[in-house]
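See below for the structure under consideration.
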Amino acid sequence: MSHPLLQLDGFCVAYRTVEAVHSVRLQVNEGEIVTVIGPNGAGKTTLLCAAMGLLPSTGQLLLDGERVARPSVETMVSRGVALVPERRELFGEMSVEDNLLLGGFYQWRKGKRDQRARMDEIFAIFPRLQERRAQMASTLSGGERQMLAIGRALMARPRLLMLDEPSLGLAPLVVREVLRVVSQLRSHGVSVLLVEQNARAALQVADRAYVLEMGAVALEGKARDLLHDQRIIDTYLGIG
Ligand code: ATP
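Letter 58 of the sequence shown, counting from 1, is numbered 58 in the UniProt record's numbering, and no numbers are missing.
What follows is the structure, given as structure tokens:
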């Protein structure tokens, strides 16, 4: 039996003495798109950052069924995990192409040719980035910037991509476009853990979902079931 790609069990994260994530149990299987939705301050970003090794955590984190004793960014990156942070953190005064090349930094030892080949694969996923390859990142539209941030994370050839609120600040049509591309990553061998406040958009592209409330998993299930769950509709989907 194959193990989940990522598994959290009894996973807790605290800021000094205040616990922001309480005993979370969550898994992402190979080829899945899993979303974590929930209100402001529920602990979604904290959960993602700790799962990436950016914040200390307690409890268990397993990759391919193997326990990672003390998750660090280096370990997570070398084991095929990448994070696209909420603020996207691009280098505004650098071109699209140079931002992408920086994403492959950890793999430079493999040689420039490999990086160019990977960049061409990224351009095949995001043709818009190819058209703008020489343009400064600061001059891109919000949607293009989000695509560049995702493209940069993909340069490292991750198996699991963790995305923190990719819809933030984007117009509804652009959100749909960005999430459409996210849903296609599966066919490129990338599984996705997607943190979103835009519950409807996230549930429309995800296979499974967890609802995080006050740091704990309040509900979980198939995304299409949650889209029709009265409590989710009342609390997170509003009218329409
Ligand atoms: P949002 O959608 O608004 O980003 P979120 O679900 O991602 O919310 P977090 O940002 O993870 O929530 O915050 C969870 C809790 O931890 C909140 O109560 C927040 O105030 C607290 N918190 C976040 N960052 C810190 C920090 N650096 N120091 C102390 N407390 C923090």
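Glycine residues also receive a C-beta, built at the ideal position from the N, C-alpha and C atoms.
In terms of Cβ geometry, VAL28 and SER183 do not form a close pair [threshold 9 angstroms].
THR45 sits in a helix when the DSSP states are folded into three classes. C-alpha of ILE37 to C-alpha of GLY10: approximately 19 angstroms in a straight line. Closer than 8 angstroms to some heavy atom of the ligand ATP: that does not describe the Cβ of ASN198. The straight-line gap separating the alpha-carbon atoms of THR235 and ASP114 is approximately 47 angstroms.
Bounds of the beta strand (DSSP E) holding VAL24 are 18-28.
Each of GLY41, LEU63, ARG176, GLY103 was checked against the Cα of ILE150, and the nearest Cα belongs to GLY103. Among the bridge pairs identified by DSSP, THR35 is matched with LEU194, ALA209.
The straight-line gap separating the alpha-carbon atoms of GLY143 and GLU97 is approximately 17 angstroms.
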